[in-house]
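Right, one structure below, let's go through it.
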Amino acid sequence: MDTQLKLLGKDAPPSEPIRHLKASVDPSTLHHRQLLDGTFWQRIPAYRQIDEATFLDHTWQAKNTITNPQKLLAAVQDLVPQSFYDDVEQGFRHSPMSIRVSPYLLSLIDWQHAYTDPLRRQFVPVASRLLPDHPKLTLDSLHEQADAPVPGLTHRYPDKALFLALDTCPVYCRFCTRSYAVGVDTDEVEKVSLKATEDRWERAFTYIRERPELEDIVVSGGDSYQLKARQITLIGNRLLELPNIRRIRFATKGPAVMPMKLITDHEWLDALTSVVDRGRKLHKEVVLHTHFNHPNEITAITKRALDGVFERGIITRNQCVLQRGVNDSIATMQLLVKRLGHCQVHPYYVYVHDLVKGVEDLRTTLQTALDIEKAVRGTTAGFHTPTFVVDAPGGGGKRVAHSFEHYDRTTGISVFAAPSVKPGYFLYFDPVDTLAPEIQAKWKVPAERDQMVEEAIAAAKAAQQASAKASSVR
Ligand SMILES: *Cc1c(COP(=O)(O)O)cnc(C)c1O
Ligand code: SF4
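319 is the number of the first residue of the sequence shown in the numbering used here; add one for each residue after it.
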């Protein structure tokens with residue numbers, strides 16, 4: 319046979335071995351398919367006797383949720399030294415967020431390495447690792463309240479709105495963007511109240527009905543997991559019945575922090591499924607948006623839970639927050655993206671960490687986002703490739719991380735424009751501790767700060783004018 323043809327594998331008899339063009343992959347390196355299974359929670363002293371049926375019971379999870387340092391000590395006991403508990407105690411005192419950690423999450427933390435564990439970092443504050451806030455930080459940095467015509471309804475973009483149905487979650491995340499409202503008051507912050515009251519909801523529905531341009535509602539909070547089954551049905555139906563509404567997303571961190579609810583709270587999942595099914599008949603899309611940040615959050619329990627969601631024909635997308643020491647490495651983000659894909663969850667966004675009070679230790683630079691996005695793109699399906707975005711402080715909304723008008727890596731200032739959302743410039747600031755010592759010194763002086771910001775905006779204007787001249791887009 320012609321050797322050339324043989325090389326191409328053409329005309330070879332079926333019995334002949336396939337000539338592989340790429341080195342073969344050792345299946346044991348496909349870590350995204352290797353999910354933690356078994357009774358892993360029994361590593362925690364307080365859960366040594368807890369059997370699977372109990373651990374999978376969502377009411378047991380809710381009842382045994384850790385809400386203060388004393389409860390943490392009672393659960394984790396001697397896995398960490400007393401000095402760690404003292405550090406946590408101090409951490410709470412300075413935290414703008416309440417604490418709430420499910421037994422499931424607690425069991426996934428490697429307490430031997432409590433300081434570096436990526437899940438501990440997200441949910442349990444320790445005073446010794448805190449950094450001072452950025453001088454440009456404000457509590458509602460996204461201007462969600464300023465853009466709210468009705469309390470708890472933020473209408474920023476032309477055709478979509480964010481409906482904060484309630485202000486509680488199954489866990490509280492240190493990095494929460496809505497620490498202005500979510501959770502109970504802390505020593506640091508007195509919260510805006512967004513209770514799950516039907517009167518407030520009715521005003522939101524009325525507003526939505528009166529805005530023909532609105533087509534897309536994000537139901538969030540707080541967290542849709544905390545809504546009762548009948549509340550899911552009520553909100554879902556009221557929105558589906560509005561002729562202008564074409565898309566609804568129920569946002570919940572639940573699958574990442576308490577996946578067993580999807581296995582054992584039949585009433586809740588049935589309610590969501592009915593809204594999705596009714597929406598489908600009305601040619602309206604109803605989907606689930608969730609929030610996984612680290613591959614360790616995805617276990618065999620998660621897979622089982624999400625398999626059930628998928629079998630019901632419910633589409634799930636993920637929004638992730640990029641955090642220092644949590645998921646700011648290429649390998650971690652690639653693994654997260656592949657593991658989500660394995661569970662049929664579409665990685666939708668990776669947010670560059672918002673400017674949030676009390677969590678400067680979790681923020682990364684914009685450059686980190688750019689580097690990770692470059693390495694993630696190309697590893698899997700395009701529709702499983704998240705878009706890296708900056709939710710521009712000041713109400714500019716989400717901007718693709720790459721789309722800055724100007725980015726000064728020395729001062730850590732990036733400048734964005736959002737022509738279809740709001741006029742003006744929107745600035746993002748890299749954490750000060752990542753900058754050179756002489757620049758850190760400048761950030762301490764108000765006049766120097768103002769000058770750095772002015773220079774960045776001037777550079778952005780100049781860059782925009784230059785590209786407008788070169789462009790033919792009008
Ligand atoms: C994120 C967000 C939305 C939804 O935006 P998408 O880019 O479509 O996911 C809507 N309203 C507000 C205020 C938001 O912050
Ligand atoms: S689940 Fe979402 S809304 Fe609730 S605390 Fe975490 S980030 Fe905030």
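All residues carry an ideal CB built from backbone N, CA and C; glycine is no exception.
field: M319, buried or exposed, once every other Cβ within 10 Å from all chains shown has been counted against 16
entry: Bear in mind that the predicted position of M319 carries a pLDDT of just 46, short of 50, making it too unreliable to give a figure here.
message: As a quick exercise: from R548, N562, G540, pick the residue whose alpha carbon is nearest that of R529.
response: For R529, the nearest C-alpha among the options comes from N562.
message: My output table needs one value for M319: the three-state DSSP class, helix, strand or coil.
response: Note that M319 scores 46 on pLDDT, short of 50, meaning its location in the model is unreliable; the coordinates nonetheless yield the value given after this. In the displayed model, M319 falls within coil according to three-state DSSP, outside both helix and strand.
message: For the beta strand (DSSP E) containing R411, name the first residue and the last one.
response: Here R411 belongs to no beta strand (DSSP E); instead the alpha helix (DSSP H) covers 400 to 411.
task: In the DSSP assignment, find the unbroken alpha helix (DSSP H) run with V655 in it and report its ends.
output: From DSSP, the alpha helix (DSSP H) with V655 extends over 648 to 660.
query: Cβ of D541 within 7 angstroms of any heavy atom in ligand 2?
result: Of the heavy atoms belonging to ligand 2, at least one sits nearer than 7 angstroms to the Cβ of D541.
- request: Indicate whether Y666 and Q637 have their beta-carbon atoms separated by less than 8 angstroms.
  value: In contact: Y666 and Q637 (Cβ atoms closer than 8 angstroms).
message: Considering only DSSP beta bridges, list what Q637 is partnered with.
response: Y667.
Local conformation of E615 per DSSP, three classes: Of the three classes helix, strand and coil, the one that applies to E615 here is helix, per DSSP.
Within 8 angstroms, strictly: CB atoms of A479 and I535: In contact: A479 and I535 (Cβ atoms closer than 8 angstroms).
query: K740 by DSSP, collapsed to three states: which one?
result: It is a strand residue.
query: Which partner residues does H724 have in the DSSP bridge list?
result: When DSSP reads this structure, H724 sits in a beta bridge with V733.
query: In the structure shown, what three-state DSSP assignment does A569 receive?
result: Reduced to three states, the DSSP call for A569 is strand.
task: Buried or exposed for A710, please, with buried defined as at least 16 other CB atoms from any protein chain shown within 10 angstroms of its CB.
output: So A710 ends up on the buried side.
message: Using the three-state DSSP reduction, which class does R717 fall into: helix, strand or coil?
response: It is a strand residue.
- request: Can you say whether Q430 is buried or exposed, counting buried as having 16 or more other CB atoms within 10 angstroms of its CB?
  value: The residue in question, Q430, is exposed, as its Cβ has fewer than 16 Cβ neighbours within 10 Å.
- prompt: Between which two residues does the beta strand (DSSP E) carrying D709 extend?
  reply: Boundaries of the beta strand (DSSP E) around D709: 705 to 710.
field: Distance between K760 and L423 (C-alpha atoms, nearest Å)
entry: Going from the Cα of L423 to the Cα of K760 covers about 40 angstroms.
task: In the DSSP assignment, find the unbroken alpha helix (DSSP H) run with V771 in it and report its ends.
output: V771: member of the alpha helix (DSSP H) spanning 764 to 788, first to last residue.
- request: Assign A778 to one of two classes, buried (16 or more other C-beta atoms within 10 Å of its C-beta) or exposed (fewer than that).
  value: Classification of A778: buried, given that the 10 Å Cβ count is 16 or more.
Sequence ranges, alpha helix (DSSP H) only - wholly within the segment 495 to 576, length at least 4: Taking only runs of at least 4 residues, the alpha helix (DSSP H) segments lying wholly in the segment 495 to 576 are 516 to 527, 547 to 558, 572 to 575.
message: Less than 8 angstroms between the beta carbons of P467 and H473, yes or no?
response: Going by C-beta atoms, P467 is nearer than 8 angstroms to H473.
task: Tell me, please, which residues DSSP counts as bridged to H431.
output: H431 is not bridged to any residue.
- request: Provide the residue span of the beta strand (DSSP E) that contains V607, from first to last.
  value: Note on residue identity: the sequence assigns His, not Val, to residue 607. DSSP places H607 in the uninterrupted beta strand (DSSP E) bounded by 603 to 608.
- request: Could you tell me if E615 is buried or exposed, where buried requires 16 or more neighbouring beta carbons within 10 angstroms of its beta carbon?
  value: With 16 or more other Cβ atoms within 10 Å, it is buried.
- request: Taking 8 angstroms as the cut-off, decide whether the C-beta atoms of T705 and V718 are in contact.
  value: At a Cβ-Cβ threshold of 8 angstroms, T705 and V718 count as neighbours.
message: Given 7 angstroms as the limit, tell me if A479 has its C-beta closer than that to any heavy atom belonging to ligand 1.
response: Yes, the beta carbon of A479 sits closer than 7 angstroms to at least one heavy atom of ligand 1.
N- and C-terminal bounds of the beta strand (DSSP E) containing L482: Here the beta strand (DSSP E) through L482 covers 478 to 482.
message: Considering only their Cβ atoms, is the gap separating T504 from S413 smaller than 8 angstroms?
response: The answer is yes: Cβ separation under 8 angstroms.
- prompt: What are the uninterrupted segments assigned as alpha helix (DSSP H) that are 4 or more residues long and contained completely in the segment 338 to 404, given in chain order?
  reply: If we require 4 residues or more, the alpha helix (DSSP H) runs fully inside the segment 338 to 404 come out as 370 to 374, 376 to 381, 387 to 394.
DSSP bridge partner residues for T472 (one or two, in chain order): L480, per the DSSP bridge assignment.
query: Under the criterion of a Cβ to heavy atom distance below 7 angstroms, does V489 qualify as lining ligand 2?
result: Checking the Cβ of V489 against ligand 2 gives yes.
message: Could you give the first and the last residue of the continuous alpha helix (DSSP H) run that contains L424?
response: Run containing L424: 421 to 426, per the alpha helix (DSSP H) assignment.
field: Delimiting residues of the alpha helix (DSSP H) encompassing V593
entry: Boundaries of the alpha helix (DSSP H) around V593: 584 to 599.
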